[in-house]
Amino acid sequence: MSKTLGPVVLKLGNEVLVKIRTDTAIKDLLEQLDKACKGGRIQDADGFDVTAHYSQDLPEGEYAIKQPTAASSDDFKQVVEALLEPISKVCLEKLSQTRCASKINRDDLRDVRKAFRTILQIQNAESDAFVKEEEFWNGRYEVEKAADYLRTINTWAQVRRGLKFRDARGHVLREAETPLKFPISGSNDVVLALRHELELGAFMGIEMKRGLTANGLRQAEVEYYLWAGCSMFPFVQIITDMQIGGAAFYRIGSSSTGNNIVMQFLHGIDSVRDFIRNVVASIPDDAGEDDANGMMKIPHSLENPSRKRHREDTPEPGNSTRGGSFQGGHMSGYQRGYELIAAMQPDAGNELLGDLDGLTIDSWTKDEGRNVHTILVS
Numbered sequence: 001m002s003k004t005l006g007p008v009v010l011k012l013g014n015e016v017l018v019k020i021r022t023d024t025a026i027k028d029l030l031e032q033l034d035k036a037c038k039g040g041r042i043q044d045a046d047g048f049d050v051t052a053h054y055s056q057d058l059p060e061g062e063y064a065i066k067q068p069t070a071a072s073s074d075d076f077k078q079v080v081e082a083l084l085e086p087i088s089k090v091c092l093e094k095l096s097q098t099r100c101a102s103k104i105n106r107d108d109l110r111d112v113r114k115a116f117r118t119i120l121q122i123q124n125a126e127s128d129a130f131v132k133e134e135e136f137w138n139g140r141y142e143v144e145k146a147a148d149y150l151r152t153i154n155t156w157a158q159v160r161r162g163l164k165f166r167d168a169r170g171h172v173l174r175e176a177e178t179p180l181k182f183p184i185s186g187s188n189d190v191v192l193a194l195r196h197e198l199e200l201g202a203f204m205g206i207e208m209k210r211g212l213t214a215n216g217l218r219q220a221e222v223e224y225y226l227w228a229g230c231s232m233f234p235f236v237q238i239i240t241d242m243q244i245g246g247a248a249f250y251r252i253g254s255s256s257t258g259n260n261i262v263m264q265f266l267h268g269i270d271s272v273r274d275f276i277r278n279v280v281a282s283i284p285d286d287a288g289e290d291d292a293n294g295m296m297k298i299p300h301s302l303e304n305p306s307r308k309r310h311r312e313d314t315p316e317p318g319n320s321t322r323g324g325s326f327q328g329g330h331m332s333g334y335q336r337g338y339e340l341i342a343a344m345q346p347d348a349g350n351e352l353l354g355d356l357d358g359l360t361i362d363s364w365t366k367d368e369g370r371n372v373h374t375i376l377v378s
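With the working numbering applied, the sequence shown corresponds to residues 1 to 378, in that order.
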């Protein structure tokens, strides 16, 4: 039998006890089974006993766990389940594929939102279209323009001593903690941070794209979760094409139903520039500095835009007022956002709006005064 990448199914009679991935070492599995219940065996689909010499790793397929003749079926089942539980957890943890922010799809983003209990609020979603105000890329790729956009951002906003706009390309963050179903990873093109601390000292991240797309919005949102989860400070994630505008992600608070995260569209490059300037200006001169007692000064909230740290006031999983379901889980009620992106790039409109397939929108409310849409999706 050749080794493949499918699941390994271990059954007791007709009951499936556990499904694990391939690459499970047979020798270790058999040794633990024998220790747990002397005489316990594993048979393949052809009825042959699996031995330590069967193969180095367990190939795909269904396998029967055979109990010793004298053993009680219920007792044996409990022993085997207790044995397999930690094995299954280790295999899943080891073999779960990390989702990279730049390639994350809408279904995986739904799971990420559930893990972080996100309720997304869309702001500035009523503009008819974005207008290209200037040409920045001139046919060149992001990596070729890195020095140019870093120089431009530094001319937009003069940062105080102790802060710096840093080139963060290649600095990858990875998150794999519960309740995430799979690890996520991502970086950033530019990060405004304390000079002596990039991750813990981050205030703002900027993702650069030659064009704004639905994939880019998903990438920026995942990057927000990664960097905001590390930073000691209220964090903002921006995505921009340096030509027609962009979007920003930040946390405004929480409730029993989840974390309130804003996705604010920025219309025009002047809006992006002014937003970055406001973020920089809102950072206190002594943020990250030590006070008289040697304690670092860490603001829990900042203004313009009003935002809070992601690491505080986070509701515990299971506190939803809707029982086991989640409010705001898929939030590709990104519909307004996708409509805006479609306006930026008409040829891509059908593809982008196709990401809305399969959504159930529970409620859609609008605060007329603030032009904010709150969409709850299951």
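The C-beta atom is built at its ideal place from N, Cα and C for all residues, glycine as well.
Supposed close pair Q237, G205 - CB separation, criterion 8 Å: 5 Å
Proximity winner among R169, G170, N154 and H171, relative to L163 (alpha-carbon distances): N154
Bounding residues of the beta strand (DSSP E) (the contiguous stretch that carries F165): L163 to D167
Reference E60, options W227, V9 and E289, closest by Cα: V9
Opening and closing residue of the alpha helix (DSSP H) in which K114 lies: R106 to F116
Straight-line Cα distance separating G47 from K11: 13 Å
Length of the line joining the Cα atoms of A220 and D107: 16 Å
Buried or exposed (CB count within 10 angstroms, at least 16 for buried), S256: exposed
Whole-number beta carbon distance between I269 and I244, since they are thought to touch under 8 Å: 7 Å
Inter-residue spacing [alpha-carbon to alpha-carbon] between N293 and I26: 58 Å
Contacts around I239, its chain only, beta-carbon distance under 6 Å, and the 5 residues preceding and following it disregarded: E207, G216, A220, G246 and A247
Nearest-angstrom Cα separation, counted from V222 out to N188: 11 Å
Inter-residue Cα distance where the pair is R41 and L30: 8 Å
Span separating the alpha-carbon of T321 from that of D285: For T321, the pLDDT reaches just 27, beneath the cut-off of 50, and the residue's location in the model is therefore unreliable, although a value from the coordinates is still provided. Rounded to the nearest angstrom, the two C-alpha atoms are 40 Å apart.
Best match in G288, S301 and I104 for proximity to E199 [C-alpha to C-alpha]: G288
Spatial neighbours of V272 in its chain, beta-carbon cut-off 8 Å, leaving aside the 5 residues before and after: I238, T240, M242, G245, G246 and L266
Where N14 falls, given that 16 or more other Cβ within 10 Å makes a residue buried: exposed
Status (buried if at least 16 other CB within 10 Å, exposed otherwise) for S231: buried
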